[in-house]
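Following: one structure in structure tokens, then a few remarks.
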Amino acid sequence: MRNLLYIIICIAVLASCNSKNSNSPDDTPTSGVIAIASDGCFTPIIEEEIAVFESLYKEAGIVPYFSGETETINRLLHDSTRLAIASRPLTQEETEYMNGRKLFPKSIHIATDAIALITNRQNTDSLIGIPVLKDILTGKIKDWEEFTTDNKSGKIEVVFDNPNSGTVRYAIDSICGGEPLSGNLHAMKDNRQVMDYVSRTPGALGIIGVNWISNPLDSTCMSFLDDIKVMAVSRYRKATVTNSFKPYQAYIALKEYPMTRSVYLILSEPRMGLASGFTTFITSDRGQRIILKSGILPATQPVRLVNVRDQL
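Be aware that the sequence shown starts at 118, since it is given in this note's numbering, and climbs by one per residue.
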């Protein structure tokens, strides 16, 4: 009888342990597998951060899901991921929605990015003012000859990376002041397709994240630089060589380049799991140095201000 009672107690304890283990998290700050969401504009940076993180922590696996900003935020709101990377923090309404679900998101500034304007190598125009760019995006200017002095003519073909990306939102909010974009603009799938299209289309004007063309270690992106040019941008309608700047790291830091935006990690993990561990890594000295080498401005690493050569 005592043996039977002992067996019953053992079975109960084992069942309790199995139940506890099945409900316990299966990832830690440095191990496990998780999915994260990111605006595709930041693909090169996030892929590099993941590669280094996984090389340090062999038992960690991070699966990125790159899409437009709208879908990235929605995946966080629907709890499909606990970590998102976007060019804006959550709105008050989004934050309150997540708080109501007992998910208390934190927005962490990790970098300052720049929006780059690229043209085909055959295009002789190299300067543009923000007011002129606004007129192009809203459809008031449709041909190159309407604002250039180089006798270039032809239709301006504006191409974005994704209709729901943070780049499109930036164009509407920060460049056009809330005015709707022209219906004649084109959206590709991602920044790589934008660069490919511009490299093959003399009249194209591409709008991309600068990290796609600023990292000399990214051979795929660097391969496009022989066929595209990066325009210098001015805050003024009449762009000149003295008031226009390219999206170099130093000009971003000095706020000379006019089209910049913040990059945020949005973390909703209620405990210290792998999402928190990856967040800690990106905000650490090593993670910030990866951002520094990518060509955009890290949130915490100092930037050396040196004379720059026109390489973009």
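In this text, a Cβ means the ideal position worked out from N, Cα and C, and glycines have one as well.
Answer yes or no: do Ala-233 and Ile-325 have a C-beta to C-beta separation smaller than 8 angstroms? yes
In the DSSP assignment, the beta strand (DSSP E) including Asn-237 goes from what residue to what residue? 223 to 237
State the CB to CB distance for the pair Arg-199 and Glu-386, rounded to an integer number of angstroms; the pair is presumed to be in contact (CB under 8 angstroms). 4 angstroms
Secondary structure of Val-169, DSSP reduced to three states: helix
Contact between the stretch 357 to 368 and the stretch 253 to 261 (3+ Cβ pairs under 8 angstroms): no
Taking 8 angstroms as the threshold, find out whether the stretch 157 to 173 comes into contact with the stretch 206 to 217 through three or more Cβ pairs. no
Segments of 3+ residues assigned as beta strand (DSSP E) that fall wholly inside the stretch 297 to 335: 321 to 326
Which two residues bound the contiguous beta strand (DSSP E) that contains Arg-63? No information on residue 63 is available, as it lies outside the stretch 118 to 429 that the chain covers here.
Provide the residue(s) that pair with Thr-145 in DSSP beta bridges, ordered along the chain. Ser-148
For the alpha helix (DSSP H) holding Pro-375, just list the boundary residues, first then last. Here Pro-375 belongs to no alpha helix (DSSP H), and DSSP marks it neither H nor E.
Return the chain-ordered list of same chain residues with a C-beta closer than 7 angstroms to the C-beta of Asn-328, the five sequence neighbours on each side being excluded. Phe-159, Pro-161, Ile-162, Asp-230, Ser-411, Gly-412 and Ile-413
Top-ranked residue by Cα proximity to Ser-380, from His-226, Val-150, Ser-184 and Thr-145: The question names Ser, but residue 380 in the sequence shown is Val. Of the listed residues, the one whose Cα sits closest to Val-380 is His-226.
Measuring alpha carbon to alpha carbon, tell me which residue in Arg-403, Asp-344, Asp-290 and Asp-278 is nearest Thr-318. Asp-344
Could you tell me the boundaries of the alpha helix (DSSP H) in which Leu-391 lies? 391 to 400
Limits of the unbroken beta strand (DSSP E) element including Tyr-182: 177 to 184
Express the C-alpha separation of Asp-260 and Ile-167 in angstroms, rounding to a whole number. 42 angstroms
With DSSP as the reference, label Ser-139 as helix, strand or coil. Because the pLDDT at Ser-139 is just 42, under 50, the model does not fix this residue reliably, and the value given afterwards should be weighed accordingly. In the structure shown, Ser-139 sits in a helix (DSSP, three-state: H, G or I).
On the premise that Ser-393 lies in contact with Pro-146, defined as a C-beta separation below 8 angstroms, what is that separation, rounded to the nearest angstrom? Sure, about 6 angstroms apart at Cβ, within 8 angstroms.
Going by C-alpha distance, which of Ser-197, Thr-241, Thr-265 and Lys-175 is nearest Val-249? Thr-265
Which residue from Ile-258, Val-311, Val-347 and Phe-277 puts its Cα closest to that of Ser-331? Val-347
Assign Met-376 to one of two classes, buried (16 or more other C-beta atoms within 10 Å of its C-beta) or exposed (fewer than that). buried
Using DSSP with H/G/I as helix, E/B as strand and the rest coil, what is Tyr-381? strand
Who pairs with Ser-243 in a beta bridge, going by DSSP? Its beta-bridge partners do not exist; DSSP assigns none.
For a test of the three-state rule: what should DSSP assign to Asp-252, helix, strand or coil? helix
Give the DSSP bridge partners of Asp-260, in chain order. Lys-272
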